[in-house]
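Q: To start, I am sharing the structure in question, which I have written as structure tokens.
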Amino acid sequence: LNFNIKMANKAFYNFLNFSPDEIIGTSYLNLFAEQDTIQNKEDIIEFIKGNKENIINEFIFVTKSNKIVWGKVGGYAIKARENDILYYVQIIEDITELKRTESFLKESDLQFKKVWENSFDGMRLTDSEGTIVLVNKSFCKLVKKSPEELIGKPFNVIYKSEDADIILQKGKERFKNHSIESTFERELTLWNNEKVWFELTNSYIYLDNKPKLLLSIFHDVTKRKLAEEEIKNYSKLLEEANASKDKFFSI
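In our numbering, the protein residues as written are 2 to 252.
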């Protein structure tokens, strides 16, 4: 039994960047990367030995320039009338870009989790019905509620009761119409009557081919707003004082 390549098409040569002379007659197994799984290589060997009727799997190959590429391999045997195997045909689909995308998404997911867990800003995920899917620790701290009191509840659970229903309805309509404001500052009255100024940033995200979710990031700007109000009041007092002074000297 040998695993030598007898024939290949142009797409295969291009896939691995080899010429026909460099491929024909060489062992098919030599094209696999060392980091490919032992099970994958064993599957190929068992297939070529005739112990498997067909094979469909993903394999790591090495190109002529030692570049790693991914291929989805499907194979079947060509048999003679006596049921003897004449040769094997394998169809290889280049899935390198797909695997790179998957790797990027995994890395992005890890980065997102790190940001989610370590952010000082409150972060919240909600669905189209306004239901809270996930919150981070900072969000719980901002609104004075535990994850158990938030996850699975409508997002208006954090607001004062008389405003809650209106806020929820508007939020659902804007989600449906894709008209959520991306960034804004607003004073909100929380469920415990505490008034807080938030800078909110909203964006739609898609996770694992599931329906879109709304990511809302809450940055507490209450101290800044209070300082701005103090400066505004102080400026007003100065203006009134100057006006009184001018009036005094005009008498």
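We put the beta carbon where it would ideally sit given N, CA and C, even for glycine. All values derive from a computational prediction rather than experimental measurement.
Pick from Asn178, Tyr14, Glu230 and Lys7: whose alpha carbon is nearest that of Glu94?
A: Taking the sequence shown and counting its residues from 1, the one referred to as residue 94 is at position 93. With distances taken between Cα atoms, Glu94 lies closest to Tyr14.
Q: Which full runs of the beta strand (DSSP E) of 3+ residues lie inside the region 140 to 210, going along the chain?
A: As far as the region 140 to 210 is concerned, its whole beta strand (DSSP E) runs of at least 3 residues are 184 to 190 and 196 to 206.
Q: Specify, as a first and last residue, the run of the beta strand (DSSP E) that Ala253 falls within.
A: Since the first and last residues shown for the chain are 2 and 252, residue 253 lies out of range.
Q: Considering just the uninterrupted stretch of the alpha helix (DSSP H) at Glu23, what are its terminal residues?
A: For this step, residue 23 is matched to residue 22 along the sequence shown. Its alpha helix (DSSP H) spans residues Pro21 to Ile24.
Q: Does the beta-carbon of Asn137 have 16 or more other beta-carbons within 10 angstroms, so that it is buried, or is it exposed?
A: The residue labelled residue 137 in the question sits at position 136 within the sequence shown. Buried is the call here.
Q: Enumerate in chain order the residues of its own chain whose CB-to-CB distance from Trp71 is below 7 Å, with the five nearest sequence positions on each side excluded.
A: The residue labelled residue 71 in the question sits at position 70 within the sequence shown. Correct list, in chain order: Glu59, Ile61, Ile96, Thr97 and Lys100.
Q: Buried or exposed: where does Leu201 fall if 16 or more other Cβ atoms within 10 Å of its Cβ makes it buried?
A: Working through the sequence shown from its first residue, we reach residue 201 at position 200. With 16 or more other Cβ atoms within 10 Å, it is buried.
Q: May I ask which residues mark the beginning and end of the alpha helix (DSSP H) holding Leu17?
A: To locate residue 17, count along the sequence shown from 1; it is residue 16. Start and end: Lys11 to Leu17.
Q: Do you know how far the Cα of Lys107 is from the Cα of Val116?
A: Here residue 116 refers to the residue found at position 115 of the sequence shown. Here residue 107 refers to the residue found at position 106 of the sequence shown. Using only the alpha carbons, I get a separation of about 14 Å.
Q: Taking the CB atoms as reference points, tell me whether Ile181 and Lys154 lie closer together than 8 Å.
A: Here the question's residue 181 lines up with position 180 in the sequence shown. Here the question's residue 154 lines up with position 153 in the sequence shown. No, Cβ-Cβ distance for Ile181 and Lys154 is not below 8 Å.
Q: Figure out for me which residue from Asp44, Ser104 and Ser20 has the closest Cα to the Cα of Tyr77.
A: The sequence position of residue 77 within the sequence shown is 76, counting from 1. With distances taken between Cα atoms, Tyr77 lies closest to Asp44.
Q: Is it true that the CB of Leu191 sits closer than 8 Å to the CB of Lys226?
A: Counting from 1 along the sequence shown, the entry for residue 226 is found at position 225. Counting from 1 along the sequence shown, the entry for residue 191 is found at position 190. Result no, Cβ atoms of Lys226 and Leu191 do not sit closer than 8 Å.
Q: Buried or exposed: where does Gly172 fall if 16 or more other Cβ atoms within 10 Å of its Cβ makes it buried?
A: Within the sequence shown, residue 172 is the residue found at index 171, counting from 1. It is buried - the Cβ of Gly172 has at least 16 other Cβ atoms within 10 Å.
Q: Please classify Thr64: does DSSP put it in a helix, a strand, or coil?
A: Reading the sequence shown from its first residue, position 63 is the one you call residue 64. If DSSP states are grouped into helix, strand and coil, Thr64 belongs with coil.
Q: For the beta strand (DSSP E) that Gly123 lies in, which residues bound it at each end?
A: Position 122 of the sequence shown, counted from the first residue, corresponds to residue 123. Element bounds for Gly123: Gly123 to Thr127.
Q: If you follow the beta strand (DSSP E) that Ile93 is part of, which residue opens it and which one closes it?
A: Position 92 of the sequence shown, counted from the first residue, corresponds to residue 93. Counting along the chain, the beta strand (DSSP E) containing Ile93 begins and ends at Ile86 to Asp95.
Q: With the cut-off set at 8 Å, would you say Lys213 and Tyr205 are in Cβ contact?
A: Residue numbering aside, residue 213 sits at position 212 when the sequence shown is read from its first letter. Residue numbering aside, residue 205 sits at position 204 when the sequence shown is read from its first letter. Yes, these two residues count as a Cβ contact at 8 Å.
Q: Between Leu143, Ser139 and His220, which lies nearest to Phe185 when the distance is taken from Cα to Cα?
A: Looking up residue 185 in the sequence shown gives position 184. Looking at the Cα atoms, His220 is the closest of the given residues.
Q: Rounded to a whole number of angstroms, what is the C-alpha to C-alpha distance between Phe33 and Leu17?
A: Position 32 of the sequence shown holds residue 33. Position 16 of the sequence shown holds residue 17. Rounded to the nearest angstrom, the two C-alpha atoms are 11 Å apart.
Q: With distances taken Cα to Cα, identify the nearest neighbour of Val197 among Ile218, Glu231 and Val222.
A: Working through the sequence shown from its first residue, we reach residue 197 at position 196. Val197 has its Cα closest to that of Val222, out of Ile218, Glu231 and Val222.
Q: Among residues of its own chain, excluding the 5 on either side of Ile168, which ones have a beta-carbon nearer than 6 Å to its beta-carbon?
A: In the sequence shown, the residue the question calls residue 168 occupies position 167. Hits under 6 Å: Asn157 and Tyr160.
Q: With distance defined between alpha-carbon atoms, name the residue in Glu35, Leu208, Ser139 and Glu163 nearest to Ser109.
A: Walking along the sequence shown from the start, residue 109 turns up at place 108. For the residues Glu35, Leu208, Ser139 and Glu163, the minimum Cα distance to Ser109 belongs to Leu208.
Q: Are the Cβ atoms of Val63 and Ile69 separated by less than 8 Å?
A: In the sequence shown, the residue the question calls residue 63 occupies position 62. In the sequence shown, the residue the question calls residue 69 occupies position 68. Cβ distance < 8 Å, so Val63 and Ile69 count as in contact.
Q: Candidates Gly131, Glu149, Lys146 and Glu47: which alpha carbon is nearest Gln170's?
A: As a first step, residue 170 is located in the sequence shown; it is residue number 169 there, counting from the start. Measuring from the Cα of Gln170, the nearest candidate turns out to be Gly131.
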